[in-house]
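A.B. asks:
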Amino acid sequence: MKSGSFYVSTVGRVLKWARANSLWYTSTGAGCCADEVLNASGNRYDLERFGCVPQVDAKQADLLIITGMISYKAAPHLKAVYDSMPSPKYVIAVGACANCGGMFAPEFSYSAVPGADRIIPVDVYVPGCPPRPESIMNGLIALQEKINGTGRNHHKAQ
Amino acid sequence: MELAAIITKLNKAAPGAVLQKARFGRGGAQAIWIEARALPAVAATLRNDPDLKLDWLENLSVAQLEDALVITYFLRSRETPLCAILRATVTLNENESPAELPEVPSVREIWPMARSMERESSELFGIRFGGELAAAGILPKGWRGFPLRKSYVFPQEVFGIAHSRQGTDHA
């Protein structure tokens, strides 16, 4: 066995497993979805058993959970938070506002960015207004499956 | 003190300033409509009269009705149980140059709380309070137009971000 293939297969699998199960997150908490993220990390739903620990500083986080509406004035700051995270980094957009502008839609508001993916790349979109903590947990598990390469849409990507 | 007594005092201090009194909203509150240019005289009377002492500008709101902007001052007193609602209109002409933006006398010398609220209204509606167009810093730098006016056209693109749901690659 060559060392390269050993790295890609075994070491890579260990690395993916480690990364998927230690997704320390920072959150741009705005709006009611931030409360649902708090609930999800609270003792009833306990996001921490998936290795998902809240971090205050973006420099120590692997995962950015975007909740709430993003205004054009806040967009550069969200980009700055994302840029200050170390690679590999992942993004979950929680709720309708972060996904597509939500009820602060571009048809009705002059100041709402129509989706976080206009500013930074998003890995998992969690729908809902607001989504229940189960949905947020489901989004986190989907991200873990995506990192591990065992995602539910993995066969479609190939 | 009744509203009629307030109006009597205003008529004595600033003749011709009071246009009418009208019901405000769905409640029983009455608003006093006044001439916009008589605003400083009216405000000084309401603030300084020993019987009124309306020294607290609780809120300042602006709304657009057809081609007029209605500016509403919600007043209270810290010493008397009075409250009053003042309303004034200023006409809006579209396609105006910056020097022709509607102008309303400022009351920030009379009620210092008016300063920040006037700046905000000035930035969002394009009203020159006291002759100057203030930037409150609510909108991002480089924003064009006054977004709370009915004639405001939403931008196609803001700072390189397309302002529509079309064209997003959610694959």
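Quick note, the sequences are listed as chains A and B, same order. Sequential numbering of the first sequence, starting at 1324, is according to my numbering. Sequential numbering of the second sequence, starting at -5, is according to my numbering. Cβ atoms here follow ideal geometry from the backbone N, Cα and C, with glycine treated the same way. The structure presented is a predicted model; accordingly, all values stated were derived computationally and were not measured.
Among R20/B, Q24/B, L(-3)/B and I28/B, which has the Cα closest to the Cα of V98/B?
C.D. replies: I28/B
A.B. asks: Is DSSP giving T39/B helix, strand or coil here?
C.D. replies: helix
A.B. asks: I'd like the span of the alpha helix (DSSP H) that includes I0/B, first residue to last.
C.D. replies: Note, I0/B: alpha helix (DSSP H), L(-3) to A7.
A.B. asks: Start and end of the beta strand (DSSP E) containing Q58/B?
C.D. replies: W50 to L59
A.B. asks: By the 8 angstroms beta-carbon criterion, what residues does the segment 96 to 111 of chain B contribute toward chain A?
C.D. replies: none
A.B. asks: Kindly indicate if chain B contains any beta-carbon less than 8 angstroms away from that of A1398/A.
C.D. replies: Interface residue, yes.
A.B. asks: Is it buried or exposed for M1426/A, if we count other Cβ within 10 angstroms and need 16 for buried?
C.D. replies: exposed
A.B. asks: Mark E(-4)/B as exposed unless 16 or more other C-beta atoms lie within 10 angstroms of its C-beta, in which case mark it buried.
C.D. replies: By the 10 Å Cβ count, E(-4)/B comes out exposed.
A.B. asks: Does the beta-carbon of N1344/A have 16 or more other beta-carbons within 10 angstroms, so that it is buried, or is it exposed?
C.D. replies: Burial state of N1344/A is exposed, judged by a 10 Å Cβ sphere holding fewer than 16 other Cβ atoms.
A.B. asks: By Cβ distance below 8 angstroms, which residues in the same chain neighbour C1375/A in space, the five residues on each side in sequence not counted?
C.D. replies: L1346, W1347, Y1348, S1364, L1386 and L1463
A.B. asks: Show which residues of chain A have a CB atom less than 8 angstroms away from the CB atom of P141/B.
C.D. replies: Result: Y1433 and S1434.
A.B. asks: As a quick exercise: from V36/B, P106/B, A93/B and L63/B, pick the residue whose alpha carbon is nearest that of L86/B.
C.D. replies: L63/B
A.B. asks: Using CA coordinates, which residue listed in R1441/A, P1429/A and I1459/A is at the minimum distance from A1398/A?
C.D. replies: Taking only the C-alpha atoms, the option nearest A1398/A is R1441/A.
A.B. asks: On a Cα-Cα basis, can you pick out the residue from R122/B, G154/B, G125/B and R143/B that is closest to G136/B?
C.D. replies: G154/B
A.B. asks: Applying the criterion that 16 or more other CB atoms from any shown protein chain within 10 Å of the CB defines a buried residue, is I132/B buried or exposed?
C.D. replies: exposed
A.B. asks: Let me know if A165/B comes out buried or exposed under the rule of 16 or more other beta-carbons within 10 Å of its beta-carbon.
C.D. replies: Confidence is the limiting factor: at A165/B the pLDDT is only 39, short of 50, which leaves the residue's position unreliable, though a coordinate-based value still follows. The residue in question, A165/B, is exposed, as its Cβ has fewer than 16 Cβ neighbours within 10 Å.
A.B. asks: For S110/B, which residues in the same chain have their Cβ closer than 8 angstroms to its Cβ, ignoring the five residues on either side in sequence?
C.D. replies: A130
A.B. asks: Quick one: which residues of the segment 143 to 157 of chain B get their C-beta closer than 8 angstroms to a C-beta of chain A? List them in chain order.
C.D. replies: Within the segment 143 to 157 of chain B, Y146, F148, P149, V152, F153, I155, A156 and H157 place their CB atoms closer than 8 angstroms to a CB of chain A, listed in sequence order.
A.B. asks: Hey, could you find the ends of the alpha helix (DSSP H) W27/B is sitting in?
C.D. replies: Not the alpha helix (DSSP H): W27/B falls in the beta strand (DSSP E), residues Q24 to I28.
A.B. asks: Please list the partners that R159/B has in chain A, where partner means a Cβ-to-Cβ separation under 9 angstroms.
C.D. replies: C1423, G1424, A1428, P1429, E1430, P1437 and G1438
A.B. asks: According to DSSP, what are the bridge partners of R81/B?
C.D. replies: W27/B and T66/B
A.B. asks: Determine whether the beta carbon atoms of L54/B and S115/B lie at a separation below 8 angstroms.
C.D. replies: yes
A.B. asks: If you draw a straight line from the alpha carbon of P1437/A to that of M1392/A, how long is it in whole angstroms?
C.D. replies: 9 angstroms
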